[in-house]
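Protein chains: 2
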Amino acid sequence: MGRAMGLVGLLLGLVLVPAVLVSTSLRHGAPRTEAGPGPAPADWELAADAVSEDSLWPLPQWLRTSPRQLQLAPGRFQLVHGAGSSARPGCGLLQDAFRRYYEYMFGHSRRRRWGRRPLAARAEPELSELQVVIEAPDPGCDSFPHLGSSEAYHLTVTEPVAILKAYEVWGALRGLETFSQLVHEDDYGSFLVNESEINDFPRFAHRGILLDTSRHYLPLKSILTNLDAMAFNKFNVFHWHIVDDQSFPYQSIYFPELSDKGAYSCNLIYTPADVRLVIEYARLRGIRVIPEFDTPGHTQSWGKGQKDLLTPCYDGGQPTGSFGPVNPILNTTYDFMTKFFKEISSVFPDAYIHLGGDEVDFSCWKSNPEVKEFMKKQGFGSDYAKLESYYIQNILDIVSSYNKGQIIWQEVFDHKAQLKPDTVVQVWMANSYAHELSSVTGAGFPAVLAAPWYLDYISYGQDWKKYYRVEPLDFPGSEEQKKLLIGGEACLWGEFVDATNLTPRLWPRASAVGERLWSSRNVTDLQDAYRRLRNHRCRMLRRGIAAEPVFVGYCAHEGRRP
Amino acid sequence: MGRAMGLVGLLLGLVLVPAVLVSTSLRHGAPRTEAGPGPAPADWELAADAVSEDSLWPLPQWLRTSPRQLQLAPGRFQLVHGAGSSARPGCGLLQDAFRRYYEYMFGHSRRRRWGRRPLAARAEPELSELQVVIEAPDPGCDSFPHLGSSEAYHLTVTEPVAILKAYEVWGALRGLETFSQLVHEDDYGSFLVNESEINDFPRFAHRGILLDTSRHYLPLKSILTNLDAMAFNKFNVFHWHIVDDQSFPYQSIYFPELSDKGAYSCNLIYTPADVRLVIEYARLRGIRVIPEFDTPGHTQSWGKGQKDLLTPCYDGGQPTGSFGPVNPILNTTYDFMTKFFKEISSVFPDAYIHLGGDEVDFSCWKSNPEVKEFMKKQGFGSDYAKLESYYIQNILDIVSSYNKGQIIWQEVFDHKAQLKPDTVVQVWMANSYAHELSSVTGAGFPAVLAAPWYLDYISYGQDWKKYYRVEPLDFPGSEEQKKLLIGGEACLWGEFVDATNLTPRLWPRASAVGERLWSSRNVTDLQDAYRRLRNHRCRMLRRGIAAEPVFVGYCAHEGRRP
């Protein structure tokens, strides 16, 4: 990310000042009503989403807003390509984004207010358009976002036009989100924006949400809705934990039996068309889709549709009929994996595949006489972590041969598998994750932090604060090591989550992680975050995301006549 | 409840045998597939709602099912008034219930399957109708359910007709729910029911759900949806915590300023028409609506629309501009309350009103010189609990004068207010609630238990088991005292709950409380409950309640082609 920011900073010729300092000095205090003698002064008497300056989420790296307001006329206001932009009206990605953000800004109240009152009745000058300028020679309209993509942007809102500059379309998407957050509707139904200047870029390049479609199947619509919410929070990685022990909903082209037998039902699957749709929907929002096919553990559902893939377990010299992890001693296993990952590498365009490797239970391997024989032959002694590493290295080699990068859970590193230099290690064990980050980056591997952000663990109250307080770089290590932490992920494992509760359980709790991964390190004021998060949650609700409330109160739009 | 049961048992001439013994011996074991060597044998490989005998919730007091199956033809099957019933086709309550339960049983797949295959293709004999017989001279079609209503019923399902007998319509509603739970759809789309006999009645007469519409406004639709869910779980009391500090959404006829000024917004209110609708919707499902108007604390929102109602707080001899609890020393307070509760008594038909009385903060009263003077005059010394009791007793007298019974939170009892003999004390403090139940019933007051069932406190995993394990009668006391525990309530306070997350947060967790309050004391098998609860949750989902999953897996209907 350092690179991307430097580049755009240079291109835009800006001096970057931490947002938190500038914005605080300019932000109006929110109006307060009297509070009772009971608990602390209560924010609940305010409708959330009432104060526009307090509604940016995640907070940009640098911003300056002026009290001077401009008015937008929904019937006239336009999102357009600016002069000098390398993007043309043929850029589907931007055209789609223009339409989308126009709707977010004005759509909800179009029927209600348009034309009711002439714009001239107000004193404010008008903002007539937002010009979007892509500066790179190739804007990237048809490309996929990747780890090195630039998401930086520079936004100026002044009369009569606002200008959004970005090196690539990915930065423009982030800037459009920010611009839409600046526009607010006053009590009279006028759309206003304060004159502002924003320079922004992400702190971390990898900002992910993990959804688990194996413990419960998630309908396509739930996934798409959450991609919308991710874009509202500037997340850029959808980590799709697509299969696991419980079910195999991924419909394979080469091995259709995997989902025929391994899915919960023949209808609870993701067809190739579904997968393409998810990938394209995500791409249009600047989101990478990284699929996880976790082996050799967590594979019970694979075994149903692929004979001899799993290890037969033994008891007292006899097979029990049960199966353990993937059988690592058979050539047929690797033949299967070679073909399977060839398909996965071609279906998923991202440069990375997540290969899992967590929580391998050795007991079945230990019980199997052929596996024991193999261990002896290989000289592994009784160290089954070596067998695990042997398997994983074979898989890593297979996937590398398709020119894909790899992400693995931390055990693979812990068990000393020989990893390719750029393999990303995802740290998930809550116990001493700082130490683990230190080890992983100390060994020169890029790391992604998930441990403190397991959002399936719920508790009473405002637990978003717990997620918000995490400082990812608080681990022992050199500057070089810190640079190897490429980001983090909020994980919503699916044991207790399906379409009924996914969205309110994930949002706005994941928003706390979103700001931690995007905004400057010194954006840590909980009171300020609380105010902005409430507004942000109301905005998500207005945009169709059933994000749960942060605390007591209501959203201004809920109080308006429908 | 003892009375109602004895009456119906007598009328029906039945010997009552605990359900858990009979049903277990007859229930088929669920089929199992092989499980991995990892954690315990996994129920997740089964689709929930696949096995009909395992789908009753709450478990009836006595049931016998036979393996013999009868088939229902949706195009012919009828719910009708049986011979000898005092109810006639003009009984709107039953007609509405017939229509509703017909839809629950067949509606979801009507378009899909009807007429596709002639019924004759199957070997099973047909069940042609369910005859409902109300035995009381007055069936109660136009009445309201009350604490003494009979909810007992007797159901026989044999070829060619099923017969549901109940003394009152309330029992018929419960029996219709049970009958609808027996009917299941097989893989071929046939509707089947096992020949069965069920005798059932509630263990406790008061089985409530508390919803809080002050911390967050709940749209009417959310409330109605949850009344549906309550009926599916045989709950019979909607405890409507309608106003509190944060907002006053109840639109009063006499005092419209209360919601004009005290609601979050002029649109976030319950109009008289809304309230009537909720009451009627609940009545049609055999659910009482008990409104709570909590005073003298928790009243900040009241003060906005009613001048001089709250106590002005002082600091250093000067009013601070803040206000405390209701001012208990002014005649105008009691004039207001007299008129206000006259309205409430007439708007809400239930024989009880909940008057709150919890968590009164004395600090403002202590600061106010006029209150101090009043204390002296009354000889209360510095015991502000006496002032609280003085106020509450006045309110109790007012409400009594309208012939309404009263429910209060436990502090009112703890602070030794002089209560009318039939005042119901609701026990909510989690700390030693058994001891409190003992004291309350020892003093001769009926009690309602809420303490172990605060469902707003969430935690990871299957916390329904915690609610399920509670045995309400596990408190020290005589048989007479035990009889005074009239029931319990699952409470979903609204600090972190609104329409976005209410339903999945409440259901099926509250179902655990529902069974505890309805079924026999010895229905405590967690494994059996788990299996039934999963099926019940799937049924709720099918009926439009977004109940969250109990654990990993899926519902059979989710796997069917839409």
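These protein sequences, in sequence, are chains A and B. All you need for our numbering is the position in the first sequence, starting with 1, plus 780. All you need for our numbering is the position in the second sequence, starting with 1, plus 780. C-beta atoms are modelled at their ideal positions from N, C-alpha and C, and glycine is treated no differently.
Checklist entry - Looking only at DSSP bridge pairs, what is S1239/A linked to? => result Taking the first residue of the first sequence as position 1, residue 1239/A is located at position 459. Partner(s): S1239/B.
Next on the checklist: Report the start-end ranges of each beta strand (DSSP E) in the segment 1256–1326 of chain B that is 3 residues or longer and not cut off at the edges.
Outcome noted: The segment 1256–1326 of chain B contains these whole beta strand (DSSP E) runs: 1265–1272.
Next on the checklist: Contact criterion: CB-CB distance below 9 Å. Does I1238/A meet it with respect to chain B?
Outcome noted: The residue given as residue 1238/A occupies position 458 in the first sequence. Interface flag for I1238/A against chain B is set, since a Cβ pair is found closer than 9 Å.
Checklist entry - DSSP on Y1164/B, reduced to helix/strand/coil? => result Mapped onto the second sequence, residue 1164/B falls at position 384. Helix.
Item to check | Interface residues of the segment 1033–1058 of chain A facing chain B [CB-CB below 8 Å] | outcome: Contact residues of the segment 1033–1058 of chain A toward chain B are Y1044, S1045, C1046, N1047, L1048 (C-beta to C-beta distance below 8 Å).
Item to check | Residue span of the alpha helix (DSSP H) that contains Q1026/B, given as start and end | outcome: Counting from 1 along the second sequence, the entry for residue 1026/B is found at position 246. Where Q1026/B is concerned, there is no enclosing alpha helix (DSSP H), given that its DSSP letter is neither H nor E.
Next on the checklist: Measuring straight from C-alpha to C-alpha, what distance separates V1293/A and H1019/A?
Outcome noted: Taking the first sequence and counting its residues from 1, one reaches residue 1293/A at position 513. Taking the first sequence and counting its residues from 1, one reaches residue 1019/A at position 239. Here the alpha carbons of H1019/A and V1293/A stand approximately 15 Å from one another.
Next on the checklist: Give me, in chain order, the residues of the same chain whose beta-carbon lies closer than 7 Å to that of I914/B; leave out the 5 immediate sequence neighbours on both sides.
Outcome noted: Taking the first residue of the second sequence as position 1, residue 914/B is located at position 134. If you ignore the 5 residues before and after I914/B, its C-beta comes within less than 7 Å of the C-beta of S865, S866, A867, A946, E948, V949, A952, all in its own chain and listed in chain order.
Checklist entry - For P819/B, does the count of other Cβ atoms within 10 angstroms reach 16, so buried, or fall short, so exposed? => result Position 39 of the second sequence, counted from the first residue, corresponds to residue 819/B. Reliability of the predicted coordinates at P819/B is poor, the pLDDT of 32 falling under 50, and the value obtained from them is presented with this limitation in mind. So P819/B counts as exposed.
Next on the checklist: DSSP three-state label for N1006/B, please.
Outcome noted: What you label residue 1006/B is simply residue 226 of the second sequence in a count that begins at 1. Helix at N1006/B.
Checklist entry - Name the chain B residues whose beta carbon is nearer than 8 Å to that of T1280/A? => result Counting from one through the first sequence, the residue named residue 1280/A turns up at place 500. The contacting residues are T1283, P1284, L1321, A1326, A1327, E1328, P1329.
Checklist entry - Identify the residues that DSSP records as bridge partners of K945/B: which are they? => result Position 165 of the second sequence, counted from the start, is the residue given in the question as residue 945/B. Assignment of beta-bridge partners to K945/B by DSSP yields V913/B, H934/B.
Next on the checklist: I want to know whether the segment 1317–1325 of chain B touches the segment 1009–1025 of chain B - three or more CB-CB distances under 8 Å.
Outcome noted: Cβ pair count under 8 Å is three or more, so yes.
Item to check | Min CB distance E1072/B to chain A below 9 Å | outcome: Taking the first residue of the second sequence as 1, we reach residue 1072/B at position 292. False, the Cβ-Cβ gap to chain A never drops below 9 Å.
Checklist entry - So, is the C-beta of S1027/B closer than 9 Å to a C-beta in chain A? => result Taking the first residue of the second sequence as position 1, residue 1027/B is located at position 247. By this cut-off, S1027/B is an interface position.
Checklist entry - In whole angstroms, what is the alpha-carbon distance linking R987/B and V1250/B? => result Here residue 987/B corresponds to residue number 207 of the second sequence, with the count starting at 1. Here residue 1250/B corresponds to residue number 470 of the second sequence, with the count starting at 1. Distance between the alpha carbons of R987/B and V1250/B: 14 Å.
Checklist entry - Residues of chain A with a CB under 9 Å from the CB of F1276/B: which are they? => result Locating residue 1276/B in the second sequence gives position 496, counting from the first residue. Going along chain A in sequence order, the residues near F1276/B (Cβ under 9 Å) are Y1240, G1241, Q1242, E1328, P1329, V1330, F1331, V1332.
Checklist entry - Where do the ends of the beta strand (DSSP E) carrying G1222/B lie? => result Here residue 1222/B corresponds to residue number 442 of the second sequence, with the count starting at 1. Here G1222/B belongs to no beta strand (DSSP E); instead the alpha helix (DSSP H) covers 1213–1222.
Next on the checklist: Using only the alpha-carbon positions, how far apart do D1054/A and F1331/B sit?
Outcome noted: The residue you call residue 1054/A lines up with position 274 of the first sequence. The residue you call residue 1331/B lines up with position 551 of the second sequence. Straight-line Cα distance between these residues: approximately 26 Å.
Checklist entry - According to DSSP, what are the bridge partners of D1095/B? => result Your numbering for residue 1095/B matches position 315 in the second sequence. According to DSSP, D1095/B bridges with Q1098/B.
Item to check | Chain-ordered neighbours of G1339/B on chain A, where CB pairs are closer than 7 Å | outcome: The residue given as residue 1339/B occupies position 559 in the second sequence. In chain order: Y1044, S1045, N1047, L1048.
Item to check | Stretch-stretch touch, CB-based, cutoff 8 Å, three pairs: the segment 1298–1307 of chain A with the segment 989–1000 of chain B | outcome: No contact exists between the segment 1298–1307 of chain A and the segment 989–1000 of chain B.
Item to check | Unbroken beta strand (DSSP E) run spanning T845/A, endpoints | outcome: The residue you call residue 845/A lines up with position 65 of the first sequence. Per DSSP, T845/A belongs to the beta strand (DSSP E) from 842–852.
Checklist entry - Using 9 Å as the limit for Cβ to Cβ distance, is R995/A near chain B? => result Position 215 of the first sequence, counted from the start, is the residue given in the question as residue 995/A. At least one chain B Cβ lies under 9 Å of R995/A.
Next on the checklist: With H, G and I counted as helix, E and B as strand and the rest as coil, what does DSSP make of A1197/B?
Outcome noted: Locating residue 1197/B in the second sequence gives position 417, where the first residue counts as 1. Judged by DSSP in its simplified three-state form, A1197/B adopts coil rather than helix or strand.
Next on the checklist: Rounded to the nearest angstrom, what separates Y1050/B and T1283/B at their Cα positions?
Outcome noted: One-based indexing of the second sequence puts residue 1050/B at position 270. One-based indexing of the second sequence puts residue 1283/B at position 503. Y1050/B and T1283/B have their C-alpha atoms spaced approximately 20 Å apart.
Checklist entry - The alpha helix (DSSP H) spanning Q1080/B covers which residue range? => result The residue given as residue 1080/B occupies position 300 in the second sequence. Here the alpha helix (DSSP H) through Q1080/B covers 1080–1085.
Item to check | Short CB-CB distance (under 9 Å) between A1062/B and chain A | outcome: For this step, residue 1062/B is matched to residue 282 along the second sequence. It does not; no Cβ of chain A falls within 9 Å.
Next on the checklist: Would A1227/A and L1217/A be called neighbours here (beta carbons separated by less than 9 Å)?
Outcome noted: Position 447 of the first sequence, counting from 1, holds the residue named residue 1227/A. Position 437 of the first sequence, counting from 1, holds the residue named residue 1217/A. Here A1227/A is near L1217/A, since their CB atoms are less than 9 Å apart.
Checklist entry - So is A1230/A in contact with chain B if we call contact Cβ pairs under 9 Å? => result Counting from one through the first sequence, the residue named residue 1230/A turns up at place 450. Closer than 9 Å to the CB of A1230/A there is not a single CB belonging to chain B.
Checklist entry - Start and end of the alpha helix (DSSP H) containing N1111/A? => result The residue given as residue 1111/A occupies position 331 in the first sequence. Start and end: 1111–1127.
Next on the checklist: Quick check on the burial criterion: 16 or more other C-beta atoms within 10 angstroms. Buried or exposed for K1245/B?
Outcome noted: The residue you call residue 1245/B lines up with position 465 of the second sequence. With fewer than 16 other CB atoms across the displayed protein chains lying within 10 angstroms of its CB, K1245/B is exposed.
Item to check | L907/B vs Q961/B beta-carbon contact at 9 Å | outcome: As a position in the second sequence, residue 907/B is number 127, starting the count at 1. As a position in the second sequence, residue 961/B is number 181, starting the count at 1. Not a contact, by the Cβ cut-off of 9 Å.
Next on the checklist: I'd like the span of the alpha helix (DSSP H) that includes Y884/B, first residue to last.
Outcome noted: For this step, residue 884/B is matched to residue 104 along the second sequence. DSSP places Y884/B inside the alpha helix (DSSP H), whose first and last residues are 872–886.
Item to check | Straight-line gap, S1045/B to G1268/A (C-alpha atoms, nearest Å) | outcome: The residue you call residue 1045/B lines up with position 265 of the second sequence. The residue you call residue 1268/A lines up with position 488 of the first sequence. Between the C-alpha atoms of S1045/B and G1268/A there is a straight-line separation of about 40 Å.
Next on the checklist: Going by beta-carbon coordinates alone, are E1072/A and L1007/A separated by less than 9 Å?
Outcome noted: Taking the first sequence and counting its residues from 1, one reaches residue 1072/A at position 292. Taking the first sequence and counting its residues from 1, one reaches residue 1007/A at position 227. With a cutoff of 9 Å on beta-carbon distance, E1072/A and L1007/A are scored as not near each other.
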